[in-house]
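Accompanying notes for the structure given below.
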């Protein structure tokens, strides 16, 4: 297992287009998270899944954003009708359980997908 | 709402000296606190964590201190090495994980 994989690494799209990102978590991890990071800021929570169930969504996740994890393995994040303000690094992370606790190692992050909306 | 704050965007220290990175939080319901390290073009990687029931956790050169009454935690790196140069994020968990804005540490040889 090579960790959390995200595809693509970079995406440039025109305003108004739809984009979809993919995340492949560590295989034994049951939780999967999506974060967004803009320049000079820390990762901002968007949503997370436990197995295939989407358990929490941030108010940052507008109606144009949708995430799925259909079989409890990989996940996709779709942004419809992209806006320039959507330009950011989109990070995926996974964990076994909540990722906290004395034996836990936090979340394992992927390298992210950098989205540029022009 | 910024529940986790790192007020120093950057820190520069000399190799061999101590690096102290600070973090403040507002939500008393957080039960775990973590530090992540991030190199350019990579995702954050987990460094060290501490439970809210403890006040100190040490792992090699890295020690995290938690002051619950002040809602403050800090990461001490001693001795600092040039390879420690990275952006360090403080994070707090009470369900989902919230991150600070990060502090860029530069360790000069």
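Residue numbers (the numbering used here), protein chains in the order written: chain P, 1 to 118; chain S, 1 to 109. We put the beta carbon where it would ideally sit given N, CA and C, even for glycine.
Quick one: is residue 118/P buried, meaning 16 or more other Cβ sit within 10 Å of its Cβ, or exposed? exposed
DSSP puts residue 19/P in a beta bridge; with which residues? 79/P
Cβ-based contacts, 9 Å cut-off: residues of the segment 90-105 of chain S near chain P: 90, 91, 93, 95, 96, 97, 98, 99, 100, 101, 102
According to DSSP, which residues form a beta bridge with residue 20/S? 76/S
Are the C-beta of residue 46/S and some C-beta of chain P separated by less than 8 Å? yes
Which residues of the segment 20-43 of chain P have a Cβ closer than 7 Å to any Cβ of chain S? Give them in chain order. 40, 41, 42, 43
Flag residue 98/P as yes if its beta-carbon sits less than 8 Å from any beta-carbon of chain S, otherwise no. yes
Which runs of the alpha helix (DSSP H) at least 4 residues long sit entirely within the segment 6-70 of chain P? Give them in chain order. none
Going by other Cβ atoms of all chains shown within 10 Å of its Cβ, with 16 needed for buried, is residue 47/P buried or exposed? buried
Name the residues in the segment 3-37 of chain S whose C-beta lies less than 8 Å from a C-beta of chain P; which are they? 4, 6, 9, 31, 32, 34, 36
To the nearest angstrom, how far is it from the Cα of residue 38/P to the Cα of residue 6/S? 16 Å
Using a C-beta cutoff of 8 Å, does residue 69/S count as contacting chain B? The structure shown contains no chain B; its protein chains are P and S.
Please list, in chain order, all residues of the same chain as residue 85/S whose beta carbon is under 7 Å from its beta carbon, the five residues on each side excluded. 105, 106, 107
Taking DSSP as the reference, what is the three-state secondary structure of residue 14/S? strand
Work out the CA separation of residue 92/P and residue 39/S for me, nearest whole Å. 16 Å
Using a C-beta to C-beta distance shorter than 7 Å, which residues of chain P count as neighbours of residue 58/S? Per Cβ cutoff of 7 Å: no residues; residue 58/S is ~13 Å from chain P at best.
Inter-stretch contact at 8 Å, needing at least 3 Cβ pairs: the segment 6-26 of chain P / the segment 12-22 of chain S: no
Which one of 4/S, 41/S, 30/S has the shortest CA to CA distance from residue 23/S? 4/S
The segment 88-101 of chain S touching the segment 30-44 of chain P, judged by at least three CB pairs closer than 8 Å: yes
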